[in-house]
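In my numbering, the protein residues as written are 15 to 257.
Yeah, the Cβ is synthetic: ideal placement off N, Cα and C, and Gly gets one too.
For reference, the structure is listed below as structure tokens.
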Ligand code: GEK
């Protein structure tokens with residue numbers, strides 16, 4: 015796949031409006047997410063391994079907020095139960111159209127259905143694996159309990175949820191350190207100070223990070239028997255939760 019370089023916020027904008035996953039983002043998305051999220055490539059690849067370990071026959075695998083299908087493709091590579099199906103969900107039709115093209119060029123055989131809709135409304139049933147890689151962060155915090163509860167209820171016993179998020183820290187010094195390190199990471203990947211500042215403004219009221227403790231508390235309240243962080247780099251982390 016040819017990747018176009020992300021320069022959406024490279025020129026000064028009078029009012030950077032709220033970020034949206036529209037067609038301009040779709041065309042630069044693989045470049046944008048790799049240069050913006052430390053550990054992204056590792057998290058996606060390991061999501062495939064986790065799915066390979068926990069997927070069971072006659073079950074469904076959900077990729078909630080699938081974007082261009084990076085996690086779906088990683089899981090498709092590692093899950094070999096013919097009776098499994100991956101369901102990718104996203105509320106951006108532009109993302110899903112491109113995702114379908116990408117999946118159609120992939121040669122693995124596990125069936126993939128793509129659903130355009132809000133992850134809050136999509137039924138989760140007979141699931142062995144549910145993945146939310148950087149998606150819950152875009153749901154209003156007061157609505158997140160219901161999403162995690164629905165996932166728990168729809169998982170089969172022994173199933174897993176993988177939840178990757180941008181996070182904040184209770185300790186203000188560590189919080190600032192991790193924000194600074196993330197900005198340093200973006201600078202090192204070629205983003206200018208202007209791009210970093212304008213993107214930050216565009217995401218301000220849309221991407222609302224929580225602490226790892228808030229996530230763990232919600233996951234435990236939903237009923238998951240085990241949960242912990244399996245990966246973290248600066249203020250980006252991934253948790254695994256077992257039913
Ligand atoms: C990856 N997981 O490459 N319902 C459905 N989709 C949503 C919702 C919602 N309420 N809110 C946002 N999205 C992917 C990356 S990107 C993360 C996920 C990022 C979708 C949105 O359209 C976008 O495609 C995705 O969630 C978030 O591993 O760009 O930071």
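C-alpha distance - residue i paired with residue j, whole-angstrom precision
i	j	result
residue 220	residue 238	27 Å
residue 235	residue 248	26 Å
residue 152	residue 141	23 Å
residue 28	residue 212	10 Å
residue 36	residue 47	15 Å
residue 138	residue 159	15 Å
residue 83	residue 76	11 Å
residue 130	residue 136	9 Å
residue 246	residue 119	32 Å
residue 85	residue 18	20 Å
residue 214	residue 242	28 Å
residue 255	residue 41	33 Å
residue 9	residue 121	With the chain represented from 15 up to 257, any question about residue 9 goes unanswered, as that position is not in the structure.
residue 154	residue 184	20 Å
residue 224	residue 157	13 Å
Proximity test, residue i beta-carbon vs ligand 1 heavy atom, cut-off 7 Å
i	result
residue 120	no
residue 231	no
residue 79	yes
residue 32	no
residue 132	yes
residue 104	yes
residue 55	no
residue 147	yes
residue 47	yes
residue 84	yes
Integer Cβ distance of residue i from residue j, believed to fall under 8 Å
i	j	result
residue 143	residue 124	Rounded, the Cβ-Cβ distance is 12 Å, inconsistent with contact.
residue 13	residue 58	The displayed coordinates of the chain run from 15 to 257. Any statement about residue 13 would go beyond what the structure contains.
residue 102	residue 64	With 8 Å as the limit, residue 102 and residue 64 do not qualify as a contact, their Cβ atoms being about 17 Å apart.
residue 149	residue 78	5 Å
residue 104	residue 81	6 Å
Any chain D beta carbon closer than 8 Å to residue i
i	result
residue 124	In the structure shown, chain D cannot be found, because there is only a single protein chain.
Review point. Considering only residues of the stretch 35 to 119, which uninterrupted beta strand (DSSP E) runs meet the minimum length of 3 residues and lie entirely inside it, listed in chain order?
Key: 74 to 78 and 99 to 104
Exercise for review: Tell me the start and end of each unbroken alpha helix (DSSP H) in the stretch 128 to 178 that is at least 4 residues and wholly inside, in chain order.
Suggested key: Fully enclosed alpha helix (DSSP H) runs of 4 or longer: 158 to 168.
Check your understanding: Which whole runs of the beta strand (DSSP E) in the stretch 169 to 244 are 3 residues long or more, in chain order?
Key -> 169 to 182
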